[in-house]
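Numbering (the numbering used here), first residue to last: 51 to 471.
The beta-carbon is built from N, C-alpha and C at its ideal position, and this holds for glycine as well.
Here it is in structure tokens:
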């Protein structure tokens, strides 16, 4: 067996799973290393509410036993099973953290793919209305780049666990930016899928599952494991039709894209805008996107009143009617935009990470929750660091069902700008 030191810290999801399937690394050793890193770092970071060490090691042993037995005969040579088939145990031995104590329910496809859940990550605790923070078993969750700043939320611990190299993959859920904002503020990749494409417990339909990962390739591995097979109607509009193969057949690059610093209504701070715009320029230089000028600038209606009305039990009927009007109008405007471009690019968050006392008067969700109301898939990509030493993010938004576009461009951007250990 090869040494497993720093496997969890440095290896990608694909590398870990490939090594476990090949028998060069044991799943129990990979998971044991993750548990050791969590035990060492979590008293400071407070990324976890619970760690399930005994169960994780037992599950890792089961994965090793499956590897020793070999793939089912139906998997075909190398576990491939032929064109379009999914690899056998694509997440074999990969340590995974889940959002909150009940997050394991959404991790069933990851377990089936060979992943090993090691614990539940921190989410906001009681006592305040703002959600861009976390409360772990040992105290408030801190940003791994600056302990006096919040990591964002509500998938707070998930982003911290990935950014600090405790696990390579963590699940999240995104009702207003809860995956994308902590991804931006912790310097990792965060994907929110198309609303309604995967199961969600949210009664309002505003929340969608997502993932926090170190790289786009790792996020793509998660997407391959959880995405359901789909059938495309040959007469359907390509802009609103899910890819039949997810990330298996990446689109041709560059993709056409429209840049908007504010979506026509937000008032983001200059630095997050500048960092995101510089990241766009890097995507252009890398041949990942080609900026196009729309017939009219992207001008959406502010979704804040609509989101709040849709989220509030027993909301005033007039407020709900107005919320549906805003949702419909923004849907029309986004449809016109995506008729002429494949992506919309914005800063992920309008501000740098705030302190633990709270966000102040600026909604951290100003640039993200429009796409919870509209249901579009969106991804936050690391965009560099501000003068405060904290990361910022670039948000990529695609038409409904086109997660493959987001992952292809994010993959072309290369590795994140840094990992905080």
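For the 9 Å CB-CB criterion, residue 212 and residue 263 form a contact.
Within 10 angstroms of the beta-carbon of residue 222 lie 16 or more other beta-carbons, which makes it buried. The alpha-carbon separation between residue 197 and residue 405 amounts to approximately 9 Å. In the DSSP assignment, residue 100 falls within the unbroken beta strand (DSSP E) covering 98-101.
With fewer than 16 neighbouring CB atoms inside 10 Å of its own CB, residue 155 falls in the exposed class. In the pairwise beta carbon analysis, the stretch 429-442 is classified as not touching the stretch 364-371: fewer than three pairs are separated by under 8 Å.
CA-to-CA, the gap between residue 75 and residue 313 works out to about 47 Å.
Taking a C-beta distance under 9 Å as the contact criterion, residue 183 and residue 201 qualify as a contact pair. Straight-line measurement puts the Cα of residue 251 at about 32 Å from the Cα of residue 116. Ranking 274, 266, 375, 426 by CA distance to the CA of residue 159 puts 274 first. Remark: fewer than three beta-carbon pairs, one from each stretch, lie closer than 8 Å, so the stretch 316-329 and the stretch 353-365 are not flagged as touching. According to DSSP, residue pairing for residue 397 in a beta bridge involves 444. Taking 8 Å as the upper bound for CB-CB distance, residue 143 and residue 226 are not in contact here, some 34 Å apart. Secondary-structure assignment with DSSP links residue 411 through no beta bridge to anything. In its chain, beyond the 5 residues on either side, 166 have a beta carbon closer than 6 Å to the beta carbon of residue 109. Residue burial is scored here from C-beta neighbours: residue 410 has fewer than 16 other C-beta atoms within 10 angstroms and is therefore classed as exposed. Between the beta-carbon of residue 393 and that of residue 305 there is about 6 Å, and that keeps the pair under the 8 Å contact cut. Per DSSP, residue 322 is one residue of the alpha helix (DSSP H) stretching across 320-335. Under DSSP, residue 435 takes part in a beta bridge, and its partners are 441. Contact between the stretch 377-387 and the stretch 347-360 is present: three or more C-beta pairs spanning the two stretches fall below 8 Å. By a beta-carbon distance limit of 8 Å, residue 454 contacts residue 301. Their separation comes to about 6 Å. Annotation: the continuous alpha helix (DSSP H) that includes residue 68 extends over 63-72. The residue from 157, 319, 185 with its alpha-carbon nearest to that of residue 100 is 185. For residue 92, the enclosing alpha helix (DSSP H) has its first and last residue at 77-95. The C-beta distance from residue 459 to residue 426 rounds to 15 Å, too long to meet the 8 Å contact threshold. Under the 10 Å beta carbon count, residue 268 is surrounded by 16 or more other beta carbons and is classified as buried. For residue 309, the enclosing beta strand (DSSP E) has its first and last residue at 305-309.
According to the DSSP assignment, residue 210 belongs to the alpha helix (DSSP H) that extends over 206-213.
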